[in-house]
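Asks: Line order of the protein sequences matches chains A and B.
Residue numbering for the first sequence follows numbering that gives the first Met the number 0, starting at 0 and increasing by one per position.
Residue numbering for the second sequence follows numbering that gives the first Met the number 0, starting at 0 and increasing by one per position.
Number of protein chains: 2
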Amino acid sequence: MARWEPNAQERLVRAALELFTEQGYDTTTVHEIADRAGLTKTTFFRHFRDKREVLFAGQNTHTRLLADAIGAAPGPATPLKAVRAALDALTATFTDDRREIGVRLRPVIAGHTELQERAALKRARLAGAMTDALHKRDVPEPTASLAAELGVRAFYDAFDQWADPANDRTLTELTRRTLDELRAALVALD
Amino acid sequence: MARWEPNAQERLVRAALELFTEQGYDTTTVHEIADRAGLTKTTFFRHFRDKREVLFAGQNTHTRLLADAIGAAPGPATPLKAVRAALDALTATFTDDRREIGVRLRPVIAGHTELQERAALKRARLAGAMTDALHKRDVPEPTASLAAELGVRAFYDAFDQWADPANDRTLTELTRRTLDELRAALVALD
Chain A
0 MARWEPNAQE RLVRAALELF TEQGYDTTTV HEIADRAGLT KTTFFRHFRD
50 KREVLFAGQN THTRLLADAI GAAPGPATPL KAVRAALDAL TATFTDDRRE
100 IGVRLRPVIA GHTELQERAA LKRARLAGAM TDALHKRDVP EPTASLAAEL
150 GVRAFYDAFD QWADPANDRT LTELTRRTLD ELRAALVALD
Chain B
0 MARWEPNAQE RLVRAALELF TEQGYDTTTV HEIADRAGLT KTTFFRHFRD
50 KREVLFAGQN THTRLLADAI GAAPGPATPL KAVRAALDAL TATFTDDRRE
100 IGVRLRPVIA GHTELQERAA LKRARLAGAM TDALHKRDVP EPTASLAAEL
150 GVRAFYDAFD QWADPANDRT LTELTRRTLD ELRAALVALD
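1. Applying a beta-carbon distance threshold of less than 8 angstroms, which residues of chain B neighbour Asp189 of chain A?
2. If we require 4 or more residues per run, which alpha helix (DSSP H) segments fall completely within the stretch 76–112 of chain A?
3. Hey, how far is the Cα of Leu173 of chain A from the Cα of His30 of chain B?
4. Could you tell me if Phe44 of chain B is buried or exposed, where buried requires 16 or more neighbouring beta carbons within 10 angstroms of its beta carbon?
5. With the cut-off set at 8 angstroms, would you say Ala128 of chain A and Ala88 of chain A are in Cβ contact?
6. Under 7 angstroms Cβ to Cβ from Phe55 of chain B, same chain only, skipping five residues before and after it: list those, please.
7. Using C-beta distances below 8 angstroms, list every residue in its chain close to Met0 of chain A, excluding the 5 sequence neighbours before and after it, in chain order.
8. Starting from Glu172 of chain B and walking both ways along the alpha helix (DSSP H), at which residues does that stretch end?
9. Go through its chain and collect everything with a Cβ distance to Thr169 of chain A's Cβ below 6 angstroms, but skip five positions before and after it.
10. Under 7 angstroms: does the beta carbon of Ala109 of chain B sit that close to some heavy atom of the ligand GTP?
11. Once the 5 residues before and after His111 of chain A are set aside, which same chain residues still bring their CB inside 7 angstroms of it?
12. Is it true that the CB of Glu52 of chain B sits closer than 8 angstroms to the CB of Arg35 of chain B?
13. Taking Cβ positions, are Ala187 of chain A and Arg136 of chain A nearer each other than 8 angstroms?
14. Out of curiosity, what's the CA-to-CA distance linking Gln8 of chain B and Ala184 of chain B?
15. Going along chain A, which residues have a C-beta under 7 angstroms from Ala146 of chain B?
16. Hey, quick one: how far does the alpha helix (DSSP H) through Val29 of chain A stretch, first residue to last?
17. Would you decide whether Glu148 of chain B is buried or exposed? Buried here means 16 or more other CB atoms lie within 10 Å of its CB.
18. Tell me, please, whether the CB atom of Ala123 of chain B is closer than 8 angstroms to any CB atom in chain A?
19. Which same chain residues, not among the five before or five after Leu181 of chain A, have their C-beta less than 7 angstroms away from its C-beta?
20. Helix, strand or coil, according to DSSP, for Tyr155 of chain B in the structure here?
21. Would you mind reading off the limits of the alpha helix (DSSP H) that contains Asn59 of chain A?
22. What is the rounded straight-line gap between the Cα of Thr90 of chain A and the Cα of Ala126 of chain B?
23. Candidates B:Leu38, B:Thr20, B:Ala15, B:Gly37: which alpha carbon is nearest Thr28 of chain B's?
24. Under 8 angstroms between the Cβ atoms of Ala33 of chain B and Thr26 of chain B?
25. Within 10 Å of its beta-carbon, does Arg13 of chain B have 16 or more other beta-carbons around it, so buried, or fewer, so exposed?
26. DSSP on Glu21 of chain A, reduced to helix/strand/coil?
27. So the alpha helix (DSSP H) Thr26 of chain A belongs to, where does it begin and stop?
28. Helix, strand or coil: how does DSSP classify Phe44 of chain B here?
29. Taking DSSP as the reference, what is the three-state secondary structure of Met0 of chain B?
30. May I ask you to report which of helix, strand or coil DSSP gives Ala143 of chain B?
31. Spatial neighbours of Thr62 of chain A within its chain, please: CB distance less than 7 angstroms, with the 5 preceding and 5 following residues excluded, ordered by chain position.
32. Thr142 of chain B touches chain A at which residues, Cβ-Cβ below 7 angstroms?
33. So which residues of chain A does Leu54 of chain B contact, with C-beta pairs closer than 9 angstroms?
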């Protein structure tokens, strides 16, 4: 029977990012990642299909957090207020000790087209989860998807700022501010 | 010396889409595509790197059309008016005889994750081209990229309507209307 490994997923993510940074994404093997994390390959494959997926570990948790928070927003909340609540719920999980993951993640993804494509898919999934949750609140199209896309954009822009080594603000704070800035910029469009 | 083949690129696109529709994307070979178009494999490879790229033939032409039109928009045009001019220039090239291409393209892309990822990249490139062109007009961030992304979204939403067999409107008309609707929906966000 499989032995329970405390915090295996996070250990694998950290080990993978260390190795990708040290020796490159292409040459790192699943065996090396498991080894560095002090785990077996079997444990690795219980958590991830391949090394690429390690970089997108949070996708399911994140889409669920966003959708649940939109569902739980107060009845009269506007679409963007519901999205704001969802982003608060998501960003609260990005505690300061996880910033290092963000710092290392960015250059690895930026260096590989296949990872950029996968990242684009994750981004679309996050927007899709919020759009679906807004539809359940009877927000019509295209309002629902516009609010969701604006929220996802705020999150990613803020994440880049958060992962900057010089930054000392929380991701929640940065995401809220970015969403406000995007909202304000919309009025200058036309 | 290479013989000049009139309209080779469009013939290859049409042949590829016929074959992808008839017998599937996966099983169709470059040889079959060239054959159906009445051309040689050598001619195929002068136009496309592989069969996937046939589906994204217009990317370079389209990004150039968008960027040029934004550059040529009147000085006082707002960001969204410049984007509107760019979309007019782009959609004018989608004449009615090219609708069949759109009708066939959609299901092929929808059926393959690798094609969806490639399509997401093309979409990002179109938005990027408009964003860069707006920057050259001194439109600041995030206004420039928001206007560009709204424009690209209008184009893709309208393209889906245009490729619907029941549609009888031009892509220009549909794109303008969709952009107006998106613009109006922004005020309902918050």
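Note that beta-carbon positions come from the ideal geometry of N, C-alpha and C, so glycine has one too.
Replies: This is what the structure gives:
1. Listed by position along chain B, the residues whose Cβ is nearer than 8 angstroms to that of Asp189 of chain A are Thr77, Pro78, Leu79, Lys80, Arg182.
2. 78–90, 98–109
3. 53 angstroms
4. exposed
5. no
6. Excluding sequence neighbours, Phe55 of chain B sits near Arg117, Lys121.
7. Unreliable positioning characterises Met0 of chain A in this predicted model, as indicated by a pLDDT of 42, which lies under 50. A coordinate reading is not provided.
8. Where Glu172 of chain B is concerned, the enclosing alpha helix (DSSP H) stretches over 170–185.
9. none
10. The model depicted lacks the ligand GTP and carries no ligand whatsoever.
11. Excluding positions up to five away in sequence, the list reads Tyr24.
12. In this structure, Arg35 of chain B lies away from Glu52 of chain B, with their beta-carbon atoms at least 8 angstroms apart.
13. no
14. 39 angstroms
15. Leu188
16. 29–35
17. buried
18. yes
19. Taken in chain order, the residues that qualify are Leu149, Arg152, Ala153.
20. helix
21. Asn59 of chain A -> alpha helix (DSSP H) spans 58–71.
22. The straight-line gap from Cα to Cα measures roughly 27 angstroms.
23. B:Ala15
24. Taking 8 angstroms as the Cβ cut-off, Ala33 of chain B and Thr26 of chain B do not qualify as a contacting pair.
25. buried
26. helix
27. Note, Thr26 of chain A: premise wrong, no alpha helix (DSSP H); not H, not E.
28. helix
29. Because the pLDDT of Met0 of chain B is 42, which lies under 50, any placement of that residue in the model is unreliable, and the number read from its coordinates should be weighed accordingly. Coil, per DSSP.
30. helix
31. Cβ within range, chain order: Arg124, Leu125, Ala128.
32. Ala184, Ala187, Leu188
33. Correct list: empty, because the minimum Cβ distance to chain A is about 15 angstroms.
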